[in-house]
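A short write-up of the structure that comes next.
Okay, structure coming up:
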């Protein structure tokens, strides 16, 4: 029954997120906001609401910091695997797509965060300011810098125009708020379901977070990214995934503020697997994107391999993590 409840809640989270992304898409079409900002900040933040509220619930209500780390890192590596899968599924559209310049910086920031966490956690460096870890402050600062860059992007749009909505902006905002409330409630319930599964089946909390909570809360990113890929809007799709990954790291700051049981940055064997394979995935996924913007003209011979091998290595990294975590 617990697993059935988990699956039902995951479907509910996905349903609310689909509706939210639809409303954001309408807002995008009716305004002149930068496409990079829409995909990388607004849509990314909306589809990351499950990670935010499940992480707060895991620390403030359950006192499980390992579950938070597993949730965030598990979601990020799953998101990257989704992006790689869509690159492989739509190779021609990806090669023709235009990617915003701000995404290049997002790629660097995500990889830098992984490297930073590996170093400071490996050396066991821990400093606090008013009971908040310096690591949380660094992660928040990096995210805000990324938001600033994406908001300044001139925007690249290559999606097809969708069907116009007959709803007024007031109606859209009202429904947006209702779906957000439903998403928050379902996300909190999902945390309890995951904790119950971890306790009943004796699964380590970090592993449970990565496999159950991480994947379930990434369903919004998965659904919205597939839709954007079908529309040919790889700029918004890439921004959604990279923006969500950056936002997820910033969630650790919020979770740190709500956790009073010590350091949030607890490391286990699964944590290290997530960090190592997460860094590898971040590097691999950056290769085809950076090649499109920086190396396509200088190294044309790499075109046949750069769009296939690195994304395939991302998927290999994800499945290697799963195999080693069992």
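In the numbering used here, the protein residues as written are 1415 to 1740. Where is the CB? At the ideal position from N, CA and C, for every residue including glycine.
Comparing C-alpha positions only, which one of the options sits nearest to residue i?
i, options, result
"residue 1657", "1483, 1503, 1520, 1477", "1520"
"residue 1647", "1480, 1510, 1461, 1462", "1510"
"residue 1547", "1739, 1612, 1580, 1671", "1671"
"residue 1465", "1730, 1589, 1516, 1669", "1669"
"residue 1595", "1652, 1433, 1685", "1433"
"residue 1482", "1605, 1436, 1494", "1605"
"residue 1560", "1531, 1417, 1522", "1522"
"residue 1562", "1427, 1661, 1719, 1441", "1661"
"residue 1438", "1664, 1691, 1650", "1650"
"residue 1557", "1667, 1616, 1493", "1667"
"residue 1721", "1713, 1708, 1703, 1738", "1703"
"residue 1739", "1552, 1534, 1693, 1682", "1682"
Report the partner residues of residue i according to the DSSP bridge assignment.
i, result
"residue 1547", "1542"
What would DSSP say about residue i, mapped onto helix, strand or coil?
i, result
"residue 1663", "helix"
"residue 1598", "helix"
"residue 1583", "helix"
"residue 1433", "helix"
"residue 1677", "coil"
"residue 1577", "With a pLDDT of 48 at residue 1577, under the threshold of 50, the modelled position of that residue is not reliable, and the figure given next carries that caveat. Coil."
"residue 1476", "coil"
"residue 1713", "coil"
"residue 1415", "coil"
"residue 1722", "coil"
"residue 1552", "helix"
"residue 1420", "helix"
How would you write the range of the alpha helix (DSSP H) that residue i sits in, first residue to last?
i, result
"residue 1506", "1505-1510"
"residue 1460", "1458-1461"
"residue 1528", "1516-1536"
"residue 1644", "1633-1645"
"residue 1685", "1683-1704"
Compute every distance between the C-beta of residue i and the non-hydrogen atoms of the ligand FMN, then say whether any falls below 7 angstroms.
i, result
"residue 1694", "The ligand FMN is not part of the structure shown, which contains no ligands of any sort."
Contact between the segment 1487-1500 and the segment 1633-1644: three or more CB pairs below 8 angstroms? yes
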